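Protein chains: 2
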Amino acid sequence: MRSTTARPANAHQARLLRLLRDLGPQSRVALGDQVELSRSKLAFEIDRLLETGLVVPDGLAASRGGRRSHNVRIAPSLRFLGVDIGATSVDVAVTNAELDILGHMAEPLDVRDGPVAVFEQVLALVGKLREATSTEHFDGAGIGVPGPVRFPEGTPVAPPIMPGWSGFPVREAMTQELGCPVLVDNDVNLMALGEQQAGVARSGRDFLCVKLGTGIGCGIVVGGEVHRGVTGSAGDIGHIQVEPDGPRCACGNTGCLEAYFGGNALVRDATAFARSGRSPELAGRLASAGRLTPEDVSAAAAAGDTAALGLIRWGGKRTGQVIAGLVSFFNPGLVVIAGGLTGLGHNLLASIRTQVYGQSLPLATGNLPIVLGELGQVAGVVGGARLISDHVFSPA
Amino acid sequence: MRSTTARPANAHQARLLRLLRDLGPQSRVALGDQVELSRSKLAFEIDRLLETGLVVPDGLAASRGGRRSHNVRIAPSLRFLGVDIGATSVDVAVTNAELDILGHMAEPLDVRDGPVAVFEQVLALVGKLREATSTEHFDGAGIGVPGPVRFPEGTPVAPPIMPGWSGFPVREAMTQELGCPVLVDNDVNLMALGEQQAGVARSGRDFLCVKLGTGIGCGIVVGGEVHRGVTGSAGDIGHIQVEPDGPRCACGNTGCLEAYFGGNALVRDATAFARSGRSPELAGRLASAGRLTPEDVSAAAAAGDTAALGLIRWGGKRTGQVIAGLVSFFNPGLVVIAGGLTGLGHNLLASIRTQVYGQSLPLATGNLPIVLGELGQVAGVVGGARLISDHVFSPA
Chain A
14 MRSTTARPAN AHQARLLRLL RDLGPQSRVA LGDQVELSRS KLAFEIDRLL
64 ETGLVVPDGL AASRGGRRSH NVRIAPSLRF LGVDIGATSV DVAVTNAELD
114 ILGHMAEPLD VRDGPVAVFE QVLALVGKLR EATSTEHFDG AGIGVPGPVR
164 FPEGTPVAPP IMPGWSGFPV REAMTQELGC PVLVDNDVNL MALGEQQAGV
214 ARSGRDFLCV KLGTGIGCGI VVGGEVHRGV TGSAGDIGHI QVEPDGPRCA
264 CGNTGCLEAY FGGNALVRDA TAFARSGRSP ELAGRLASAG RLTPEDVSAA
314 AAAGDTAALG LIRWGGKRTG QVIAGLVSFF NPGLVVIAGG LTGLGHNLLA
364 SIRTQVYGQS LPLATGNLPI VLGELGQVAG VVGGARLISD HVFSPA
Chain B
14 MRSTTARPAN AHQARLLRLL RDLGPQSRVA LGDQVELSRS KLAFEIDRLL
64 ETGLVVPDGL AASRGGRRSH NVRIAPSLRF LGVDIGATSV DVAVTNAELD
114 ILGHMAEPLD VRDGPVAVFE QVLALVGKLR EATSTEHFDG AGIGVPGPVR
164 FPEGTPVAPP IMPGWSGFPV REAMTQELGC PVLVDNDVNL MALGEQQAGV
214 ARSGRDFLCV KLGTGIGCGI VVGGEVHRGV TGSAGDIGHI QVEPDGPRCA
264 CGNTGCLEAY FGGNALVRDA TAFARSGRSP ELAGRLASAG RLTPEDVSAA
314 AAAGDTAALG LIRWGGKRTG QVIAGLVSFF NPGLVVIAGG LTGLGHNLLA
364 SIRTQVYGQS LPLATGNLPI VLGELGQVAG VVGGARLISD HVFSPA
């Protein structure tokens, strides 16, 4: 099965397709209000899109006075696949061309098994998803991996937590397997794109999306586009130094943010608190389960355990110190906090906010919302669908 | 005297004008190699530019075989003004349309005198410059000020070291006074544009330009364009925290980079070293001059004074710590170190490099030149001319 999706013939058609993706069905008149095209040129380009099948008629629009305008919508048969490979799990979802999720599946996965085993598992899951949603084909797929990616080629580059993946031609291999256009990106960039498409950063043009999970990373959106940096490693904020003489980090340096916070550091500190008797609540959970997770810290804090609460607040403060520096440097319009650790709740967010608002200069923070992401576990797959739809809805 | 400079009629003409600005006189054939235009369309647009007077004929080109092509060049009568207002000095320069400097003047100035007094002085200096270079008119002016600027309006916003300037309509006032298009920007952004136009970052698309002067700031270029942030304060890295419990900064926080380094901190530390007897060389200079400057630290280090050398190395290390974080976050292709403190010489640069290469991850530093700016004192005025020429060479 090989996709033969038509592509827009020019930039006007590409713009119209993205508008229909983002706004849903529109009358020709309403579309005309959004683009600077003469009436005849607009009609010509829409007719061309109707001929390709990328756009279909959708009945008559409500009257705005005068002759009623015809509605058009993007072809409802188009299907995009989003794949979000994390360190320990994978999410897959299929969307329509308006990027509504039609089906979503997730399962545990160990990225350290290497690309061959991982993609075998991912393709099997995609097969189940396709069956459950009666999806016959994909018109494009966007794939996220938890490490830096050389974007044009779609290959991971020296990803620290992905042994065996460096240089693996993910884009090429998956294009073969799926028979449709594929793009590969860092998972945090996809999360930022997802929140921009359908979440709290909807239509945001200059914002940061900080992912707090096992590790810590940051998606950077500049002028509406993801900034990936010259080698695809932009946003690698987990290894920004918080204190020069801080604890040693797995990367070999000292005092990195990830040496203080992130899922791994939190479990390490919580376990130490449980063993030292500083946290009776965590000690009880460690005794019964044999190991602790970030969820245990969250539950202990909710149960009033002050040591667990202190861990969350302290982690938020350290994270806030780094974000404050980024705010001074980058002057974003919005900071989104997302990822698994946001399950730690409002104390984490409050602590980050206190640090950023207190440490950055007022001009940069005067009108700077710091908010939680809205899409949770599906942010990455929505971002993947958005990424590949931008590509498919570009002139060939 | 009011400028009536023609403007390009469309994006093709704008592109041709910028090419002629950056490449100098070109044959029609060579221009055709640079743009994707049909031969007839190219001829048409060049003829239109010749009619406006923005472009003039420049004789016959050397033969490439076949019929010889006609050279064209940008009108040699065009004049741009660059103004770089610093905390304690001002530079003004006039350039032609290829941004060659035709005349440059500088004098001391105190930005704290407020906008009215400062512009009286600046306009008097511009008058002298105009006389010395026989400049009859300006086709545009780019003006830099040492603080954040709301770029579209061209007004400084809450600039910490510029009392009385907040909200002053610099762009509007200077457009009136000079009778030509004016743009106003932060001085560090102009420095970055200058190095991109004619210096070490020539044609760079993703780089940082760190200015080490009385204070410390950073120009950020993303995809070839200056990133100013949502409120014009991007690049304000002097107040990124180096150590949470560091010395108090003038901004009210603790441990900011400027509390450790920059012209003010350096003079403070050098004076303390002189008084405590740790630096005989600095003590002698303080006794004879009554006060110390960064140049004294530089001279003392050159004379073998280890305390002075230590100040430079320590400042470079602190600066490098902050730059390392920015490199992890932004993944630039080049870091330019510029500003008055680069007079401290190679020890400063070496110390910054050691810190960045040691602290950022290899993927971000594997191919990252950290180099001194090339334009010295004229970087800002060249950047100002570049900024306004981009504007004048845009469709009206």
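As you go down the protein sequences, you meet chains A and B in turn. Each residue of the first sequence is one higher than the last, beginning at 14 in the numbering used here. Each residue of the second sequence is one higher than the last, beginning at 14 in the numbering used here. Just so it is clear, CB atoms sit at the ideal spot from N, CA and C, and this is done for glycine as well. In this text the structure is predicted, and so the values were computed from the model without any measurement.
List the residues of chain B that residue i touches, going by C-beta distances under 7 Å, in chain order.
i: Gln-334/A; result: Gln-254, Pro-257
i: Leu-412/A; result: Given that chain A is displayed from residue 14 to residue 409, the structure contains no residue 412/A and the question cannot be resolved.
i: Ile-114/A; result: Residues of chain B passing the Cβ test: none, with the nearest at roughly 31 Å.
i: Gln-372/A; result: Gln-254, Asn-266
So with Cβ pairs under 8 Å, would you call residue i a contact of chain A?
i: Asn-202/B; result: no
i: Asn-266/B; result: yes
i: Gln-209/B; result: no
i: Cys-231/B; result: yes
Of the choices the options, whose alpha-carbon is the least far from that of residue i?
i: Pro-260/A; options: Glu-294/A, Asp-282/A, Ile-325/A; result: Asp-282/A
i: Gln-189/A; options: Gly-153/A, Gly-393/A, Gly-396/A; result: Gly-153/A
i: Pro-382/B; options: Asn-344/B, Phe-406/B, Gly-352/B, His-404/B; result: Asn-344/B
i: Met-187/B; options: Glu-208/B, Gly-212/B, Gly-157/B, Ala-205/B; result: Gly-157/B
i: Gly-30/A; options: Ala-392/A, Leu-67/A, Leu-91/A, Phe-151/A; result: First, the residue type needs correcting, since residue 30/A is Leu and not Gly in the sequence shown. Ranking Ala-392/A, Leu-67/A, Leu-91/A, Phe-151/A by Cα distance to Leu-30/A puts Leu-67/A first.
i: Glu-133/A; options: Gly-297/A, Glu-166/A, Val-183/A; result: Val-183/A
i: Leu-112/B; options: Glu-208/B, Leu-191/B, Gly-346/B, Glu-185/B; result: Glu-208/B
i: Ala-398/B; options: Leu-196/B, Phe-286/B, Pro-169/B; result: Leu-196/B
i: Asp-97/B; options: Gly-393/B, Gly-232/B, Cys-231/B; result: Gly-393/B
i: Gly-160/B; options: Pro-173/B, Gly-268/B, Gln-210/B; result: Pro-173/B
i: Ala-272/B; options: Thr-284/B, Gly-177/B, Gly-251/B; result: Gly-251/B
i: Gln-334/B; options: Ala-312/B, Thr-306/B, Leu-376/B, Glu-256/B; result: Glu-256/B
i: Thr-148/A; options: Gly-180/A, Leu-94/A, Ala-315/A, Thr-101/A; result: Leu-94/A
i: Gly-303/A; options: Ala-315/A, Ala-316/A, Arg-288/A; result: Arg-288/A
i: Val-2/A; options: Leu-203/A, Phe-181/A, Leu-339/A; result: For residue 2/A there is no data in the structure shown, the boundaries of chain A being 14 and 409.
i: Leu-55/A; options: Gly-37/A, Gly-72/A, Ala-24/A, Asp-71/A; result: Ala-24/A
Closer than 8 Å by beta-carbon distance: list the chain A residues that pair up with residue i, in chain order.
i: Thr-244/B; result: Asn-344, Leu-376, Ala-377, Gly-379, Asn-380
Taking Cβ-Cβ distances shorter than 7 Å, what residues in chain A pair up with residue i?
i: His-240/B; result: Val-235
i: Val-183/B; result: Residues of chain A passing the Cβ test: none, with the nearest at roughly 17 Å.
Might you give, ordered along the chain, the residues of its own chain that have their beta carbon closer than 7 Å to the beta carbon of residue i, omitting 5 neighbours on each side?
i: Met-118/A; result: Val-105, Leu-138, Lys-141, Leu-142
i: Arg-19/B; result: Going by the sequence as given, residue 19/B is Ala instead of Arg. Around Ala-19/B: Thr-65, Gly-66, Leu-67.
i: Gly-212/B; result: Gly-386, Glu-387, Leu-388, Ala-392
i: Gln-26/B; result: Glu-58, Arg-61, Leu-62
i: Ser-82/A; result: Ser-40, Arg-41, Val-42, Ala-74
i: Arg-52/B; result: Gly-45
i: Ala-247/B; result: Ile-233, His-240, Arg-241
i: Gly-276/A; result: Gly-226, Thr-227, Pro-307, Gly-353, Leu-354
i: Ala-337/B; result: Gln-368, Val-369, Gln-372, Ser-373
i: Ala-409/B; result: Arg-20
Report all residues from its chain with a CB closer than 8 Å to the CB of residue i; omit the five preceding and five following residues, and keep chain order.
i: Thr-146/B; result: Val-107, Leu-115, Gly-116
i: Leu-32/A; result: Gln-39, Leu-44, Gln-47, Val-48
i: Pro-89/B; result: Val-69, Asn-109, Ala-110
i: Gly-410/A; result: Here chain A comprises residues numbered 14 to 409, so residue 410/A is not present and cannot be evaluated.
i: Arg-34/B; result: Ile-87, Ala-110, Glu-111, Leu-112, Ser-402, Phe-406
Shorter than 8 Å from the beta carbon of residue i to some beta carbon of chain B?
i: Pro-293/A; result: no
i: Asp-219/A; result: yes
Give the interface partners of residue i over in chain B, defined as CB-CB distance under 9 Å, in chain order.
i: Gly-248/A; result: Ser-341, Phe-342, Phe-343, Asn-344
Would you mind telling me which residues of chain B sit closer than 8 Å to residue i, beta carbon to beta carbon, in chain order?
i: Pro-161/A; result: Leu-376
Apart from the five residues on each side of it in sequence, which residues of its chain come closer than 6 Å, Cβ to Cβ, to residue i?
i: Phe-286/A; result: Ser-292, Leu-295, Ala-320
i: Phe-164/A; result: Arg-241, Gly-245
i: Gly-328/B; result: Phe-274
i: Val-162/A; result: Pro-169, Val-197, Asp-198, Asn-199, Gly-245
Of the residues that make up the region 165 to 194 of chain A, which ones have a beta carbon closer than 7 Å to any beta carbon in chain B? Val-170, Ala-171
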